[in-house]
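Take a look at the structure below.
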Amino acid sequence: SQKIEQNSEALNIQEGKTATLTCNYTNYSPAYLQWYRQDPGRGPVFLLLIRENEKEKRKERLKVTFDTTLKQSLFHITASQPADSATYLCALDYSGAGSYQLTFGKGTKLGHT
Amino acid sequence: DGGITQSPKYLFRKEGQNVTLSCEQNLNHDAMYWYRQDPGQGLRLIYYSQIVNDFQKGDIAEGYSVSREKKESFPLTVTSAQKNPTAFYLCASSTGGEQYFGPGTRLTVT
């Protein structure tokens, strides 16, 4: 079965620095890879989607890369602020096969020092 | 405003009782999902439905049941057969791309 690993349970960085979160997966590559933000006690909120034939996607201070050779996605937040503190979830999307299902990683909790 | 509503936000039940969690969406999405989230476990798929009157089991369907009689509604029943029902339950909907999540229901069974 497909396994997803997000680099660490928690990551603390200095305010103003770039936060980099990692999502690694095994087996075959998904059609799409998605990133979500989740605040405590709330539902996840969609941030970015990247397709398997795209190398990089940007949205404001967010950047996602997708390397199907390494089976890895990196999620970057530039000039990170305390307001960015949350848990970030990576999700593999095999909807290219028509199933509409996502497989989620356990998430990385981002904090600031 | 379009979105997904889940009610109630907190729910308490005694062991052995069935309980139904509500999920309603006005986004006109065909697909709806139920997930369970436990500390350190991430989101695990319980059931999903891609169309009215049809649904499929997810990874952890045992002890749960669902119905999809209307496009807008996808209620989840946690039965007494579910061994560890205490958890945070999330409902979502989509058109096949990103998923839109509700605020969640925190169920505590004692």
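Protein sequences, first through last, are from chains A and B.
So for the first sequence, our numbering puts the first residue at 675; every next one is plus one.
So for the second sequence, our numbering puts the first residue at 38; every next one is plus one.
Just so you know, even glycine gets a beta-carbon here, dropped at the ideal spot from N, CA and C.
Under the DSSP assignment, isoleucine 687 of chain A falls in the beta strand (DSSP E) whose first and last residues are 684–687. Taking a Cβ-Cβ threshold of 8 Å, the residues of chain A close to alanine 68 of chain B are Tyr774, in chain order.
For serine 759 of chain A, no beta strand (DSSP E) run applies, since DSSP gives it neither H nor E. Under the Cβ distance rule, lysine 737 of chain A does not count among the residues neighbouring chain B, no pair being separated by less than 8 Å. If you draw a 10 Å sphere on the C-beta of aspartate 713 of chain A, you find fewer than 16 other C-beta atoms in it, and that means exposed. Rounded to the nearest angstrom, the gap between the Cα atoms of glutamate 99 of chain B and threonine 692 of chain A is 42 Å. Using a Cβ-Cβ cut-off of 8 Å, tyrosine 85 of chain B is close to Tyr774, Gln775 of chain A, given in chain order.
Interface with chain B (8 Å Cβ-Cβ cutoff): phenylalanine 749 of chain A is excluded.
Sequence-distant Cβ neighbours of lysine 46 of chain B in its own chain, meaning closer than 8 Å and more than five residues away, are Pro140, Gly141, Thr142, Arg143. In this structure, aspartate 91 of chain B keeps its C-beta atom at 8 Å or more from the C-beta atom of threonine 132 of chain B.
According to DSSP, valine 89 of chain B shares a beta bridge with no other residue. Under the Cβ distance rule, glutamine 708 of chain A counts among the residues neighbouring chain B, one pair being separated by less than 8 Å. With fewer than 16 neighbouring CB atoms inside 10 Å of its own CB, leucine 744 of chain A falls in the exposed class. The C-alpha of isoleucine 88 of chain B is placed about 17 Å away from the C-alpha of leucine 776 of chain A. Using a CB distance below 9 Å, the part of the region 127–147 of chain B facing chain A consists of Leu127, Cys128, Ala129, Ser131, Thr132, Gly133, Gly134, Glu135, Gln136, Tyr137, Phe138, Gly139, Pro140, Gly141, Arg143, ordered along the chain. Secondary structure at serine 110 of chain B: strand, using DSSP grouped into helix, strand and coil. By the neighbour-count criterion, in which 16 or more other beta carbons inside 10 Å mark a residue as buried, arginine 105 of chain B falls on the buried side. Beta-carbon to beta-carbon, alanine 124 of chain B and glutamine 74 of chain B are separated by about 7 Å, close enough to satisfy the 8 Å threshold.
Interface residue (Cβ-Cβ distance to chain A less than 8 Å): leucine 113 of chain B is not classified as such. Note that the C-beta distance between threonine 116 of chain B and serine 102 of chain B is below 8 Å.
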